[in-house]
Structure formats: structure tokens, C-alpha cells
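Input: a single structure, listed below in C-alpha cells.
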Amino acid sequence: MSQTVYITKTSKFFPNEAVSNDEMEKHLGMVNGRPSLARRIVLGKNGIKKRYYALDDNGNVTHTNVQMAATAIRGLFKEGALSFDDMELLACGTASPEQLIPSHGVQVHGELGGAHSLEVVSFAGSCCTGVQALKYAYLNVLSGMAKNAVACASERLSAWMNSRYFQEESKHFDQLEKRPMLAFEKEFLRWMLSDGAFALLVQNKPAESGLSLRIDWIEGISYANSKETCMYAGGEKDENGKLVGWASFPQADWLSLSLFAVHQDTRILETNIVPLGGKFMVELGKKHNFTPDDIDWYMPHLSSMYFKDKILEEMKRLDFYIPEERWFLNLPEVGNIASASAFAMIDGILASGKLKKGQKILIMVPESARFSYSYCMLTVC
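In numbering that gives the first Met the number 0, the protein residues as written are 0 to 380.
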């Protein structure tokens, strides 16, 4: 069994030019022909200044999720000793697949063109799917089943954010100032999520030049056994808070209830998302014998900068405090790309010039869908 596994190269693809806060509605459209009240409120909290959409100024699609993922993967093989023919495994994660069947991963494989037959796996869900794909790649290389693997995370979340999917419920948005929670559940994420794709090359040896990141461990956990659904698409909650899937509704309700819009139950989000992540981090510290002093860089996937101070406060409460000067974030510059956000931070810190050999990086990815978390420890080599 191989004892060491490394991330040796990263690649990214962002569609089109960066979109500023003031330009968002040009791309996503206005509900009922009126500027959104929620947009101002959400953007005032989330700290995102730029993001990318696979849409032109008129809301027309310019790239699919599959195309963006394939472009990012091709970038891993533009230069270097490895080619497509050397790739042994492809693991893809996304929260926004283009279809239910076939799986996202095999569609990406087909889009690559010229790539040989190989093992392909897909992880579908929400923010943790990128790290889940990385873990599958890592475990295959660690076990010796493969000498290399590609992990890809990509999103085209703008597909769910277009104003035309919200027209049927525009009357609810009119009530925002009187009953803000009602509108936030379905419009909140319109101003949070964006598009992009990242790919990581995983090998059983470090890169011949430049820095590599040794994967020390990757851990995940779900609290769905004790927590109700918080973020969802393709369904609706009943009066008891149970999620009912789209197939249980008549077709006429699919649009009238905006079943395929991304919903966020903000009533339970803040109560759970930070404390559960802190709880798991403390447990991992005991399991893997590390303390905050051992961490040189902490890279949390934040859906909003609003949660930064909340996490710092929770760390102090748990006596597991990693000071702000040892955090690396690029959410304001690249936006919230869900499953690809952790990969975006890995790519960003490698390009930053901040890393030194021997440093430890702790990545944290929370997933509010039903409160799952992924943590990853890397060592700079």
C-alpha cells in the first residue's frame, strides 16, 4: 500500500468575465420586472464582490456544467509529463448536474473527447461532493489501485437562479419587508451562488517541480440522523418539516411551487451550521492528535462572510481557536461555488506565494443540505 498521496497540480475554469454586485440582475433577470429587495440585504451580509456566471448579459446559457468541468480537467494536461492517456481514474462532484441520468461524471468523460476508457465515479449532493470526489481519488491512490487520479468539482448554479423560475411566486417576494423569512427561503440563495469548475491531479509522488500538497487524511460526517433538511431543491417541505420529492407532486405544481428552485430554510441554518462544524473539528483534533497551534492555514468554505465571526466565536468557546491571520479565503473574489469552493481555495493558496514546505493546511467544508461536513488535512511539500 502506498503511504503517501499528493495533490500535484490544479486547474480552473471560470465562464465569461467576473460579474459585480450591480450587474447580477442583468444576468439572472428581475422577478416580476422589479429589482430584488432581497439582493441588497443578502449582499450586505455575504461579502461577495465578484462571481462568475455561465450566462451572458441577457441570461442566455454560454457553458454547461459538463463543458466547464471538461475544460478544467484539460488544463491539468496542457503541460507536464502526464497526458489524458495516463489518467487512471476520474471522480467528479457537483450540486448542479445537467440531468438526472446519466451521471454527471460520465457526461464529463464523454465531453473530454479523445480520453480513453477508465473508471469514472460521480458524487451528487451539495457542497461536500467535491471533497468526496477527492477522497475517492485519494483512497484509490493510497491503496495502490491507481497511480494517479483526477478529482473535479464544478457548478452551474445559475441554471437555478434565473428569474423565470421565480415568477410564479413573485407575490411572496413582495412581502419581503413584512415577512422577510418567507422570501428568503427561496430567494436567499439567488444572491449567494455562482458558477465555475476546478480539477485536482492526485498522484503517488510529489510534482517534479513546484509545491505539492500531501493528503494526510480526509474525514466526513453527516448529522442527518438528528437534523431536518435545511437546503434543498426538487421538493418541498410538508407541514411536519419532512421533505417531499418532486415526483410526489403533480406536474402543474413543479412551477407554481418553484420546486426546482434552491431553497434555504434560514430558520435552522444559523442554529446548526457553525456549532456542528466546531463539534466535528474538536473530535477530529482528538482522533488525529492535532491542536490549533499545529495549523498554519485554515481554509473554511464559507457560504457568506457573515459566518466568519460566528466561527471565530465558536472556536473561542470550544478552546480550539485558529486566529484570523492564519485563515485563507477567496470567497469575495470568486463567489460561492458550492462543491468547487474548497478546490478554489486550494488553487488560490498554491498561487498566492504564501506557502512554505512543512506547513499544515486544514480545510473545512460544511454542507447545510442536511448538515454534513468534510475536513481535510494537507501538508505542503
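Glycine included, every Cβ here is placed at the ideal spot set by N, Cα and C.
Contact check, S338 vs E218, beta carbons under 8 angstroms: no
Limits of the beta strand (DSSP E) - the one that Q106 falls within: Counting along the chain, Q106 falls outside any beta strand (DSSP E), though it belongs to the alpha helix (DSSP H) covering 103–111.
In DSSP terms, what V119 is bridged to: L89
Distance between I310 and C151 (C-alpha atoms, nearest Å): 27 angstroms
Cβ separation of M376 and D215, assumed to be a contact under 8 angstroms, to the nearest whole Å: 4 angstroms
8 angstroms contact criterion, which G79 and K8 should meet: CB distance rounded: 7 angstroms
Cβ neighbour criterion (16 or more within 10 Å) applied to V281: exposed
Coil, strand or helix - R155 by DSSP: strand
Limits of the unbroken alpha helix (DSSP H) element including K134: 128–142
Collapsed DSSP secondary structure at L175 in the structure displayed: Residue confidence for L175 is low, a pLDDT of 46 falling below 50, so the modelled location carries little weight and cannot support an answer.
Where F327 sits in the DSSP three-state scheme: coil
Residues that DSSP places opposite T9 in a beta bridge: L199
Residues that DSSP places opposite C375 in a beta bridge: I217, I362
Whether L27 touches S193 by CB criterion (8 angstroms): no
Cβ neighbours of V105 in the same chain (closer than 8 angstroms, five flanking residues each side left out): V119, S121
Residue closest to L81, alpha-carbon to alpha-carbon, out of T63, Q202, S257, V130: Q202
Beta-bridge partners of Y297, as assigned by DSSP: W326, L361
Distance, A136 Cα to S221 Cα: 20 angstroms
Y144 vs S303 beta-carbon contact at 8 angstroms: As written in the sequence, residue 144 is Met, which differs from the Tyr given in the question. Not in contact: M144 and S303 (Cβ atoms no closer than 8 angstroms).
Close Cβ partners of D295 (< 6 angstroms) along its chain, the five nearest in sequence each way excluded: Q358, K359
Under the three-state DSSP convention, the category M180 falls into: Any reading at M180 is ruled out, since the residue's pLDDT is 45, under 50, leaving its predicted position unreliable.
Three-state class that DSSP yields for E16 in the structure shown: coil
Which listed residue (M23, A148, M29, K278) has its alpha carbon closest to that of A53: M23
V281 Cβ short of 7 angstroms to the ligand SAM heavy atom set: Among the components modelled here there is no ligand, and therefore nothing to report on the ligand SAM.
Inter-residue Cα distance where the pair is K177 and L36: Note that K177 has pLDDT 48, beneath the 50 cutoff, so the model's placement of it is unreliable and the number below is only indicative. The alpha-carbon atoms of K177 and L36 are separated by roughly 12 angstroms.
Residues near F12 by beta carbon distance below 6 angstroms, same chain, minus five either side: M67, T70, A71, A196
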